[in-house]
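Trainee: Protein chains in written order, with my numbering: chain A, 2 to 268; chain B, 2 to 264.
Just so you know, even glycine gets a beta-carbon here, dropped at the ideal spot from N, CA and C.
Below is a structure I'd like to ask you about.
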Amino acid sequence: MTNRTFVMACLTPLFIFSLLFLALPLGRLFLASGEGDAGWAVYLDIVRKPRYLNTLVLTVLVSLATTIAALVVSTTAGMFLVRNRFWGRGTVLSVLTLPLAFPGVVIGFLIILLGGRQGLVNQLTPGHVVFAYSAIGLFLGYLYFSIPRVLLTVMAAAEKLDPALEEAARTMGASPYRVVMDVIIPGLMPSLVASGAIAFATAMGAFGTAFTLATNIDVIPMVIYTEFTLSANIAMASALSIVLGIITWILLLIARSLSGSTVAGGG
Amino acid sequence: MLKSKIKMLQLAVTLLACAFLFVPIVLSVMAGLTVNYFQGISSGLTLKWVFQVWDLYAGSIFLSMWLAVACLFCTLIIGLPAAYGLARHPGWMSRLLEEFISLPLAIPGLALALALLQLYGSMKGFRASWTFILVGHVLYTLPFMVRSILAVLASMDLKTLEEGAASLGASPWQRFRDIVVPNAMPGILAGALTVVTLSIGEFNLTWMLHTPYLKTLPVGLADSYASMRLEIASAYTLVFFILIVPLLMAMQWASARAQRITQ
Numbered sequence: 002m003t004n005r006t007f008v009m010a011c012l013t014p015l016f017i018f019s020l021l022f023l024a025l026p027l028g029r030l031f032l033a034s035g036e037g038d039a040g041w042a043v044y045l046d047i048v049r050k051p052r053y054l055n056t057l058v059l060t061v062l063v064s065l066a067t068t069i070a071a072l073v074v075s076t077t078a079g080m081f082l083v084r085n086r087f088w089g090r091g092t093v094l095s096v097l098t099l100p101l102a103f104p105g106v107v108i109g110f111l112i113i114l115l116g117g118r119q120g121l122v123n124q125l126t127p128g129h130v131v132f133a134y135s136a137i138g139l140f141l142g143y144l145y146f147s148i149p150r151v152l153l154t155v156m157a158a159a160e161k162l163d164p165a166l167e168e169a170a171r172t173m174g175a176s177p178y179r180v181v182m183d184v185i186i187p188g189l190m191p192s193l194v195a196s197g198a199i200a201f202a203t204a205m206g207a208f209g210t211a212f213t214l215a216t217n218i219d220v221i222p223m224v225i226y227t228e229f230t231l232s233a234n235i236a237m238a239s240a241l242s243i244v245l246g247i248i249t250w251i252l253l254l255i256a257r258s259l260s261g262s263t264v265a266g267g268g
Numbered sequence: 002m003l004k005s006k007i008k009m010l011q012l013a014v015t016l017l018a019c020a021f022l023f024v025p026i027v028l029s030v031m032a033g034l035t036v037n038y039f040q041g042i043s044s045g046l047t048l049k050w051v052f053q054v055w056d057l058y059a060g061s062i063f064l065s066m067w068l069a070v071a072c073l074f075c076t077l078i079i080g081l082p083a084a085y086g087l088a089r090h091p092g093w094m095s096r097l098l099e100e101f102i103s104l105p106l107a108i109p110g111l112a113l114a115l116a117l118l119q120l121y122g123s124m125k126g127f128r129a130s131w132t133f134i135l136v137g138h139v140l141y142t143l144p145f146m147v148r149s150i151l152a153v154l155a156s157m158d159l160k161t162l163e164e165g166a167a168s169l170g171a172s173p174w175q176r177f178r179d180i181v182v183p184n185a186m187p188g189i190l191a192g193a194l195t196v197v198t199l200s201i202g203e204f205n206l207t208w209m210l211h212t213p214y215l216k217t218l219p220v221g222l223a224d225s226y227a228s229m230r231l232e233i234a235s236a237y238t239l240v241f242f243i244l245i246v247p248l249l250m251a252m253q254w255a256s257a258r259a260q261r262i263t264q
């Protein structure tokens, strides 16, 4: 066997697997989106029918809020952890990255323990404070799994920042605010955009968390699920899946081109 | 003075984030071990709920473990030779193939499951068997395995090593077995731990692909959240944590080790 045929033989199982279980199913999904009563106009229906459009807007808004909050929290914590060595730093870092492998359903349940009917906040505060099943609960759930992802990306970039630049800015009389705005943020920018894109894409596609929390509000993954299982509107479920898939794929492509590699542990 | 104020603010945000992530975990562990969560810890501690979870859901826990092992086997069989092939044959074709198999990282699991269901849903024997869930898990974890090994292989001078071995008369298979595999070990280990951790926790695909007779651990969790009392749901979550947290830590250790080698 020559070198070349051996290398080709090595790639064959991957090629066959991804053809059978990725290329063909995705092709089928695309065709199925056009097989409904509306034909290919199903894609227009997404923006024409208020039910889908409102859901899309709400999903984007919650994801956007999550992204901004995760960026603020994780950048602050990440910079602090990179620049300071203290007792318990390892533990703090472990706690902040622990949720990386938690499935969305578990995170949904954890939010219920915080803000559900038997939740901590409801027990500690007078009156009836239940937020787990609203947009706030969803936002907190998404924030829960976004913090570790953003933190790891930002910390990797922050470690490569040159402290001498900040030192120089300070000796030349820059205020701490100006140092952050003019030195630190620009230095971190690629990784901020990258991790923001990751957080946004994950939030848009999150199904498990929405599945446990979104009893009162609709987000895109929940609509896909109910269209498919309850309404048997397979064409719309497929069309929404395709649109969602393209959005998240483009976002992650941007993230990857900016930060080299994305943090392992998606979903 | 100003600087220390900023530092205190940073510390506060960091600790607040820690509390936000950690307090619910503590609540969940506590709820799984107390006699009556609504009355609080004062009602006493018990392992009753954990045993009840075992009676109710042991099958789903074993199914998840079995799926994770089978998934690891498949991703190794497909991913290891593929990573080697991609490393030896760089170019736009390989880039494209790598990009394509990475799609399941970007496309939500729900969409992938819908695609699989529409193409293979009518094949009843396949649809109803555990192998259907396995396909979903392999699809989702394979890119992690391939990339993890590829990163290690790309960082070393594979070509020179192999030419040396070839000049001594080693066949392609011998070189793969004696040079590539041992050198790729850190990447294989990191990839393997990632695959097992992700497979055990996978929900988005599995929820669509599972049948009432085939419930994995996360599917059982969703089931218990919807239909069981809070204590049982928490005890089940506790069992899940005991399983996943050591795996997660091992995975992070192995990934950091593999990354050091590639730099």
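Skipping 5 residues on each side, what residues in its chain have a beta carbon closer than 7 Å to that of A/G268?
Mentor: Here the model assigns A/G268 a pLDDT of 40, short of 50, so the residue's position is not dependable and the matter cannot be decided.
Trainee: With distance defined between alpha-carbon atoms, name the residue in B/W208, B/C75 and B/N37 nearest to B/V136.
Mentor: Ranking B/W208, B/C75 and B/N37 by Cα distance to B/V136 puts B/C75 first.
Trainee: Could you say which of B/A112, B/E163, B/A129 and B/L154 lies nearest to B/Y141 if we only look at CA atoms?
Mentor: Answer by Cα proximity: B/A112.
Trainee: Under 9 Å between C-beta atoms, does B/A18 make it to chain A?
Mentor: So, interface residue.
Trainee: Mind listing which residues of the stretch 72–93 of chain B have their C-beta closer than 9 Å to chain A's C-betas, in chain order?
Mentor: If the cut-off is 9 Å between Cβ atoms, the stretch 72–93 of chain B has C75, I78, I79, G80, L81, P82, A83, A84, Y85, G86, L87, R89 and H90 near chain A.
Trainee: Quick one: which residues of the stretch 33–61 of chain A get their C-beta closer than 9 Å to a C-beta of chain B? List them in chain order.
Mentor: Taking 9 Å as the Cβ-Cβ cut-off against chain B, the residues of the stretch 33–61 of chain A that qualify are A33.
Trainee: Tell me which residues of the stretch 26–48 of chain B have at least one Cβ-Cβ distance to chain A shorter than 9 Å, keeping chain order.
Mentor: Listed in sequence order: I26, L28, S29, A32, Y38, F39 and G41.
Trainee: Counting Cβ pairs, one atom from each stretch, are 3 or more of them under 8 Å apart for the stretch 247–257 of chain A and the stretch 229–246 of chain B?
Mentor: Flag = no, the stretch 247–257 of chain A and the stretch 229–246 of chain B do not touch.
Trainee: List the residues of chain B that A/G197 touches, going by C-beta distances under 8 Å, in chain order.
Mentor: By Cβ distance, chain B contributes nothing, its closest Cβ being about 15 Å from A/G197, past 8 Å.
Trainee: Name the chain B residues whose beta carbon is nearer than 9 Å to that of A/L115?
Mentor: In chain order: F21, V24, P25 and L28.
Trainee: Thinking C-alpha only, which one of A/R90, A/L144 and A/P164 is nearest A/V63?
Mentor: Among A/R90, A/L144 and A/P164, the Cα nearest to that of A/V63 is on A/L144.
Trainee: Could you tell me if B/P1 is buried or exposed, where buried requires 16 or more neighbouring beta carbons within 10 angstroms of its beta carbon?
Mentor: A question about residue 1 of chain B goes unanswered here, because the residues of chain B that appear run from 2 up to 264.
Trainee: Express the C-alpha separation of A/I221 and A/G209 in angstroms, rounding to a whole number.
Mentor: Their backbone Cα atoms lie some 12 Å apart in a straight line.
Trainee: For A/S239, return the contacting residues in chain B, with the cut-off set at a CB-CB distance below 7 Å.
Mentor: Those are L115, listed as they occur along chain B.
Trainee: Looking only at its own chain, which residues have a Cβ that is under 6 Å from the Cβ of A/V107, when we skip the five neighbours before and after it?
Mentor: Here the set comprises nothing.
Trainee: In chain A, which residues lie less than 7 Å from B/L120 when you measure between Cβ atoms?
Mentor: The contacting residues are L25, P26 and R29.
Trainee: Count the CB pairs spanning the stretch 100–116 of chain A and the stretch 73–89 of chain A that are closer than 8 Å, and state whether there are at least three.
Mentor: They do not touch, by the three-pair rule.
Trainee: Apart from the five residues on each side of it in sequence, which residues of its chain come closer than 6 Å, Cβ to Cβ, to A/M80?
Mentor: So the list reads A159, once near-sequence residues are dropped.
Trainee: Name, in chain order, the residues that DSSP records as bridge partners for B/T76.
Mentor: The partner list for B/T76 (beta bridge, DSSP) is empty, contrary to what the question assumes.
Trainee: I'd like to check one pair, B/P144 with B/L106: are the Cβ atoms closer than 9 Å?
Mentor: Yes, the pair counts as a contact, with Cβ atoms nearer than the cut-off.
Trainee: What residues of chain A sit near B/A234, judged by a beta carbon separation below 8 Å?
Mentor: Correct list: F110.
Trainee: Got a sec? Which residues, its chain only, sit under 7 Å from B/L222 by beta carbon, not counting five neighbours each side?
Mentor: Same-chain partners within the cutoff: Y237, T238 and F241.
Trainee: Just to confirm before moving on: does the CB-CB distance between A/P164 and B/Q119 stay below 9 Å?
Mentor: Taking 9 Å as the Cβ cut-off, A/P164 and B/Q119 do not qualify as a contacting pair.
Trainee: According to the neighbour-count rule (16 or more other Cβ atoms, all chains shown, within 10 Å of its Cβ), is A/L21 buried or exposed?
Mentor: Flag for A/L21 reads exposed.
Trainee: Could you give the C-beta distance for B/I233 and B/Q40, rounded to a whole number, given that I count them as a contact under 8 Å?
Mentor: In fact, because the Cβ distance is near 16 Å, the residues do not count as touching under 8 Å.
Trainee: Name the DSSP bridge partner or partners of B/T35?
Mentor: B/T35 pairs with B/L46.
Trainee: For the alpha helix (DSSP H) containing A/D46, name the first residue and the last one.
Mentor: Here the alpha helix (DSSP H) through A/D46 covers V43 to R49.
Trainee: Would B/I62 and B/L244 be called neighbours here (beta carbons separated by less than 9 Å)?
Mentor: The answer is yes: Cβ separation under 9 Å.
Trainee: At a CB distance below 7 Å, what residues from the stretch 215–232 of chain A approach chain B? Give them in sequence order.
Mentor: Flagged, chain order: P222, I225, Y226 and F229.
Trainee: Less than 8 Å between the CB atoms is what I'm expecting for A/F229 and B/L115, so what's the real figure, rounded?
Mentor: That pair is a contact at about 6 Å.
Trainee: Could you pull the start and end residues of the alpha helix (DSSP H) that A/L144 belongs to?
Mentor: A136 to A159 is the span of the alpha helix (DSSP H), which, as asked, contains A/L144.
Trainee: If I measure Cβ to Cβ from A/N217 and keep anything under 7 Å in the same chain, skipping five residues before and after, which residues do I get?
Mentor: Only Y134 and S135 meet the Cβ criterion.
Trainee: Look at the Cβ atom of A/A198, then the Cβ atom of A/L253, and state whether they are nearer than 9 Å.
Mentor: Yes, Cβ-Cβ distance for A/A198 and A/L253 is below 9 Å.
Trainee: Taking 9 Å as the CB-CB cut-off, is B/K8 touching chain A?
Mentor: Yes, B/K8 lies at the interface with chain A (some Cβ there is under 9 Å from its Cβ).
Trainee: If you drop the 5 nearest sequence neighbours on each side, which residues of the same chain put their C-beta closer than 7 Å to that of B/V197?
Mentor: So the qualifying residues of the chain are A69, L73 and L248.
Trainee: What is the DSSP secondary structure of A/V131, reduced to helix, strand or coil?
Mentor: In this structure, A/V131 counts as coil in the three-state DSSP scheme.
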